[in-house]
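Remarks on the structure that follows.
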Ligand SMILES: [Zn+2]
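Numbering (this note's numbering), first residue to last: 88 to 392.
Laid out in structure tokens, this is it:
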């Protein structure tokens with residue numbers, strides 16, 4: 088499932104491509120025909136993400152909300168072959184953001200002679216102008232809201248440092264984490280407590296702070312909670328910048344380059360059940376908690392300071 092950094096990157100890209108322009112909106116698959124009609128021939132003003140939710144604000148107080156869920160993704164193509172509006176090169180794929188193609192069961196080849204390319208597969212929503220096309224497939228949520236409805240959803244969600252700011256978000260994070268007796272390993276995944284943290288960042292942040300995933304969230308001191316928030320802010324900022332969830336802080340430059348290119352080197356514990364902990368050598372453990380895999384080192388992660 089795309090974590091918060093991916094959704095911010097998608098929001099940035101779609102905003103770069105489309106903000107300030109009148110778009111054609113359609114639902115080639117047919118499952119979003121009525122919603123697409125509300126957006127068709129309307130100007131997109133801006134896009135932003137709060138955690139895993141993408142919001143696109145169109146003229147007429149119409150706000151598109153998209154949650155990719157596990158299988159959703161955007162495929163983007165350009166008439167110019169670049170993310171620039173000017174130019175005359177042939178169309179080609181600019182990028183694909185979201186679930187990996189092999190997990191989605193589609194292999195669209197958008198690099199065709201003519202722009203725009205024909206929709207391939209189950210395209211829920213196509214946004215199009217004379218330079219760019221963005222195809223949305225497989226989202227968990229795709230709907231058009233009015234501002235009150237969008238605000239109600241945003242108010243339920245926990246803080247996102249890139250929306251609320253680091254300082255205001257920190258206070259809200261501490262307040263929400265302190266208000267729940269849920270184990271910290273589950274609270275960090277609860278989007279109503281904090282926005283954008285998924286399974287990878289959850290496991291890695293807990294390891295970076297040597298925290299036992301099963302201690303109640305409210306048992307943690309404010310200092311610990313503030314440190315968790317600040318760490319998340321730094322990881323998210325780097326993830327948005329690079330597109331990679333780089334969570335190891337024990338690497339030299341050569342090690343970092345290797346970790347960027349190979350996921351097997353990228354994480355402390357995520358996806359490493361049964362392998363030796365990079366710090367203590369004991370086997371990394373895996374438990375299923377709230378239907379999601381939780382990786383941790385039982386030796387290193389005993390702290391609840
Ligand atoms: Zn360990």
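Each residue gets a CB set at the ideal place from its N, CA and C atoms; glycine is no exception.
- By the 16-neighbour rule on beta-carbons within 10 angstroms, residue 375 is exposed.
- A distance criterion of 7 angstroms places the beta-carbon of residue 369 in contact range of ligand 1, judged by its closest non-hydrogen atom.
- Cβ atoms of residue 331 and residue 347 come within 8 angstroms of each other, at about 6 angstroms.
- Distance from the CA of residue 275 to the CA of residue 365, rounded to the nearest whole angstrom, comes to 23 angstroms.
- At least one heavy atom of ligand 1 lies closer than 7 angstroms to the C-beta of residue 384.
- In the DSSP assignment, the residues bridged to residue 129 are 110.
- Classified as buried, residue 229 has 16 or more neighbouring CB atoms from the shown chains inside 10 Å of its CB.
- Annotation: residue 284 to residue 112 spans about 30 angstroms, alpha carbon to alpha carbon.
- Here the alpha carbon of residue 360 sits roughly 41 angstroms from the alpha carbon of residue 214.
- Residue 214: member of the beta strand (DSSP E) spanning 210 to 215, first to last residue.
- The distance from the Cβ of residue 148 to that of residue 233 is about 6 angstroms, consistent with a contact at the 8 angstroms cut-off.
- In the three-state reduction of the DSSP assignment, residue 266 falls in the coil class.
- According to DSSP, residue pairing for residue 382 in a beta bridge involves 373.
- In this structure, residue 309 sits away from residue 292, with a CB-CB distance that is not shorter than 8 angstroms.
- The three-state reading of DSSP puts residue 320 in helix, counting H, G and I together.
- The beta-bridge partner set that DSSP reports for residue 241 is empty.
- Straight-line spacing of the CA atoms in residue 298 and residue 390 works out to 5 angstroms.
- DSSP places residue 149 within a strand segment (E or B) once states are collapsed to three.
- The bridge partners DSSP lists for residue 287 come to none.
- Note that the segment 201 to 212 does not touch the segment 92 to 101; fewer than 3 beta-carbon pairs, one per stretch, sit closer than 8 angstroms.
- Where residue 165 is concerned, the enclosing beta strand (DSSP E) starts and stops at 160 to 165.
- Under a 10 Å Cβ-count criterion, residue 152 is classified as buried, with 16 or more other Cβ atoms of the shown protein chains found around its own Cβ.
- Annotation: residue 294 to residue 302 spans about 13 angstroms, alpha carbon to alpha carbon.
- Here residue 206 has 115, 213 and 222 as same chain residues with Cβ atoms under 7 angstroms from its own Cβ, once five neighbours each way along the sequence are excluded.
- Between residue 266 and residue 334, the alpha-carbon positions lie close to 27 angstroms from each other.
- Within the DSSP secondary-structure output, residue 228 pairs in a beta bridge with 154.
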